[in-house]
Amino acid sequence: MMMILGLFVFTLSTVPYQNLNRSLEYRWPTNSRVGLIPAAQFLGQDNDTITLSGTLLPEVTGGRLSLLALETMAAQGKAWPLIEGSGRIYGMFVVTGFSETRTEFFADGAARRIEFTLNLMRVDESLTAMFGDMKAQADGLLGKAQTLADNAKSKVGELWS
Numbered sequence: 001m002m003m004i005l006g007l008f009v010f011t012l013s014t015v016p017y018q019n020l021n022r023s024l025e026y027r028w029p030t031n032s033r034v035g036l037i038p039a040a041q042f043l044g045q046d047n048d049t050i051t052l053s054g055t056l057l058p059e060v061t062g063g064r065l066s067l068l069a070l071e072t073m074a075a076q077g078k079a080w081p082l083i084e085g086s087g088r089i090y091g092m093f094v095v096t097g098f099s100e101t102r103t104e105f106f107a108d109g110a111a112r113r114i115e116f117t118l119n120l121m122r123v124d125e126s127l128t129a130m131f132g133d134m135k136a137q138a139d140g141l142l143g144k145a146q147t148l149a150d151n152a153k154s155k156v157g158e159l160w161s
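Counting in this note's numbering, the sequence shown runs from 1 upward without gaps.
Printed below as a string of structure tokens:
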């Protein structure tokens with residue numbers, strides 16, 4: 001596993017990216033001063049963006065179905081945890097852009113080569129906030145599972161009555 005975004009796993013057989021570009025920005029607004037250089041003040045971190053790009057060769061690596069899975073995730077507008085295969089947790093990211101270029105076609109029009117770019121932006125405030133959100137989601141799923149189990153139990157009880 002190279003990386004995971006939500007439930008999508010980047011591997012050599014799905015979408016093996018060749019480039020990972022991470023950009024962190026910090027806010028330093030300035031105030032003009034008479035006769036002096038502007039005064040700058042650090043306000044904290046700004047955007048944290050990651051761009052994954054690469055080339056797919058559908059005969060060897062992932063293809064259109066793998067990219068369709070990423071498009072579907074992007075269209076949901078949800079934040080997904082981004083975790084590197086080494087165990088590094090980047091945080092919660094949304095897909096802000098996706099592009100693909102198809103070249104070198106088979107006779108049926110299917111591409112032999114697909115170049116892609118996936119743009120991601122971090123949306124959680126901190127890893128602590130991310131784990132809190134994930135706990136809330138897990139608790140919600142656990143509650144739903146318990147409700148389903150209780151409903152099934154009562155239905156089985158009705159069958160025996």
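Quick reminder that beta carbons are idealized off the backbone N, C-alpha and C, glycines included.
Tell me the rounded alpha-carbon separation between residue i and residue j.
i: Y90; j: M3; result: 10 Å
i: F8; j: A69; result: 8 Å
i: P58; j: R113; result: 7 Å
i: G87; j: L20; result: 16 Å
i: S23; j: K155; result: 54 Å
i: A152; j: A138; result: 21 Å
i: A136; j: M92; result: 14 Å
i: L124; j: T49; result: The sequence shown places Asp at residue 124, rather than the Leu named in the question. Answer to the nearest angstrom: the Cα atoms are 12 Å apart.
i: R102; j: D150; result: 51 Å
i: S13; j: A75; result: 23 Å
i: A40; j: K144; result: 50 Å
i: L56; j: I37; result: 50 Å
i: L148; j: W160; result: 19 Å
i: F42; j: A110; result: 51 Å
i: L120; j: R64; result: 20 Å
Counting C-beta neighbours from all protein chains within 10 Å, is the total for residue i 16 or more, i.e. buried, or is it exposed?
i: P16; result: buried
i: F106; result: exposed
i: F116; result: buried
i: L5; result: buried
i: F10; result: buried
i: V95; result: buried
i: G62; result: buried
i: S99; result: exposed
Which class does residue i belong to by DSSP, given the choice of helix, strand or coil?
i: S13; result: coil
i: E25; result: strand
i: L65; result: helix
For the region 70-156, list the beta strand (DSSP E) runs that are entirely contained and at least 3 residues long, ordered along the chain. Correct list: 80-84, 89-105 and 111-122.
Does the region 77-91 come within contact of the region 29-44, defined as at least 3 CB pairs closer than 8 Å? Judged by Cβ distances under 8 Å, the region 77-91 makes no contact with the region 29-44, as fewer than three pairs qualify.
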